[in-house]
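Numbering (this note's numbering), first residue to last: 9 to 420.
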Amino acid sequence: MFTENGAIMTSSYGSAVRRTAEALSAQGKDANQIAKIVCDRDPDGYNYGIGIVVDGQGRAWPTSETLLKHARVEIGNSLLGEYMSTASLAAPLKEAVLRWQRIPQVYWDRFSLLIPSDAGTGAVKTAVEMALQLFPELRAIGVEELSWPAYKAIARMSRISCREFPIGEVMDGPDLLRVYQAGPMNTTGRVQSREIMEGRAAAAKGHPVLLDRAYSGFEYARVLDTRGYDAIMTMSYNDQIRPFIEHDVPFWVSVSPTKAFGTFALRPCGMLLAHMPDEYRPEEVDALANTVTRARGSSFEHPVTRAFVSALVHDLEALELEHADILRRVASAEHTWKERSAGTMLAELFTDRYAGLFRNPRVGEEAQEAIYGAHLYPVFTPGRCRLNITGLPDDGDVAREHVAVFARYCRG
């Protein structure tokens, strides 16, 4: 990877990979797809792009054994060709989700639960559809810069606009569905403080909010082994969700199981919690939830959706143990990056202001060829290099080289 004088060996190989990436882009492939394709073609490649948890040997994190156990049962139950549903488990399922999120029992009656079949993406889309029905004045969703690209696609398909705001800003507008990250931002890892979330909740003033929660508890992974799982999940609730309850904001929480439980391959349902103030009668909200669910086809449950519901209801403790294992992997990777990047422009990205799987430093024009030339495959977007930090190998010498490459070409 390095020459004798410390220069990175890049040129011809890195240039060739870049040309391939540009050709794939011209074919309509997006940045995530390109990162996986070019990495898979390189036998010496290290995956720093695709959005899964990776162990210290570069392998994908194993699928939740708890979910697999329940999925095997549900597949067996599906041998008879009839519609099947988890409707009878609706009450204990809602309780399980609220318990996992550490929402105090005194507030449970304020929430409705939906389980859109298409994971976290479906939960976000369903929340937007419900908001447009309940708040007909909405004309746009508001998102932070560098947010998840799918927001723009969801807005377009919902025939509303998408407005971008600076990261950390309080969004405003009477026709705006505010979308805030309730934990690490999916693309950058940025975490907003409790004070900022309090300000956002206070400013909402009866206007609807969508809290996108793809990384429950990940912002406190670093203190898991000293504080304990229950404590860090409670801390996360207090920072990210509690302010909106206390300010009586109408809001939705889109919760994804994919990152938390390592269910990337199975893609179970998402979890969507709807919190409405007293002026919205629960039966009306539930009726709307049922209408939207049926319109989206989510009332016809896949076997894996039924399996995930069963796991939440009957095996929540086992799922939480698996969540904790993933948090430890993230914490270990964060710790190594912090040590290796000290004194470089990457160091800021491994302070307590950032967490989760990804960091998204700025890069110059020369970075893509050089990083490809070192057989490293993050996701490149204009002026940015998105890193999946769990791609860092356990081998100390190799990890040191990788961090050195990124530190040389990334600008924090």
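The beta-carbon is built from N, C-alpha and C at its ideal position, and this holds for glycine as well.
- With a beta-carbon spacing of about 5 Å, residue 53 and residue 383 fall inside the 8 Å limit used to define contacts.
- One Cα belongs to residue 397, the other to residue 291, and the distance between them is close to 44 Å.
- Its Cα nearest to that of residue 68, the residue 44 stands out among 130, 44, 49 and 88.
- Counting C-beta pairs with one atom in each stretch, the segment 345-355 and the segment 403-420 have three or more that are closer than 8 Å, which means they touch.
- Residue 338 sits close to residue 226, with the two beta carbons spaced by under 8 Å.
- DSSP lists 119 and 259 as the beta-bridge partner residues of residue 283.
- One alpha carbon belongs to residue 46, the other to residue 38, and they sit about 12 Å apart.
- Taking every protein chain shown into account, the CB of residue 377 has 16 or more other CB atoms within 10 angstroms, so this residue is buried.
- A contact between stretches requires three or more CB pairs, one per stretch, nearer than 8 Å, and the segment 241-261 fails this requirement with the segment 93-104.
- For residue 311, same chain residues with a beta-carbon under 7 Å away, outside a window of 5 residues either side, are 79, 82, 83 and 86 in chain order.
- Bridge pairing for residue 172: 151 [DSSP].
- One thing to note: residue 319 has its Cβ within 8 Å of the Cβ of residue 75.
- Going by DSSP, residue 186 is part of the beta strand (DSSP E) stretching over 184-189.
- In chain order, 46 place their CB closer than 7 Å to the CB of residue 28, counting only its own chain and leaving out the 5 sequence neighbours on each side.
- Contact between the segment 121-141 and the segment 275-291 is established, with three or more Cβ pairs separated by less than 8 Å.
- Scanning 145, 109, 316 and 177 for the CA closest to the CA of residue 168 turns up 145.
- Here residue 331 is buried. Its C-beta has 16 or more other C-beta atoms within 10 Å.
- Here residue 392 has 154, 368, 369, 370 and 371 as same chain residues with Cβ atoms under 8 Å from its own Cβ, once five neighbours each way along the sequence are excluded.
- Contact between residue 190 and residue 248 holds, with the beta-carbon distance rounding to 4 Å and staying under 8 Å.
- Annotation: the continuous beta strand (DSSP E) that includes residue 217 extends over 217-221.
- Our two residues, residue 205 and residue 283, have alpha carbons roughly 16 Å apart in a direct line.
- Scanning its chain for C-beta atoms nearer than 7 Å, with the 5 sequence neighbours on each side dropped, one finds around residue 363 the residues 192, 197, 199, 226, 227 and 229, in chain order.
- Collapsing the DSSP output to three states places residue 68 in a strand.
- Approximately 17 Å separates the beta-carbon atoms of residue 57 and residue 406; this is outside 8 Å, ruling out the contact.
- Here DSSP, grouped into helix, strand and coil, assigns residue 269 to helix.
- Where residue 387 is concerned, there is no enclosing alpha helix (DSSP H), although the beta strand (DSSP E) around it starts and stops at 387-389.
- Around residue 60, the same chain offers 68, 69 and 272 as residues with beta carbons nearer than 7 Å, after the five sequence neighbours per side are excluded.
- Bounds of any beta strand (DSSP E) do not take in residue 47; it lies within the alpha helix (DSSP H) bounded by 39-48.
- According to the DSSP assignment, residue 394 belongs to the beta strand (DSSP E) that extends over 392-396.
- The alpha-carbon separation between residue 420 and residue 358 amounts to approximately 10 Å.
- Residue 251: member of the alpha helix (DSSP H) spanning 250-254, first to last residue.
- Here residue 165 is exposed, its C-beta having fewer than 16 other C-beta atoms within 10 Å.
- In this chain, the alpha helix (DSSP H) harbouring residue 82 covers 73-85.
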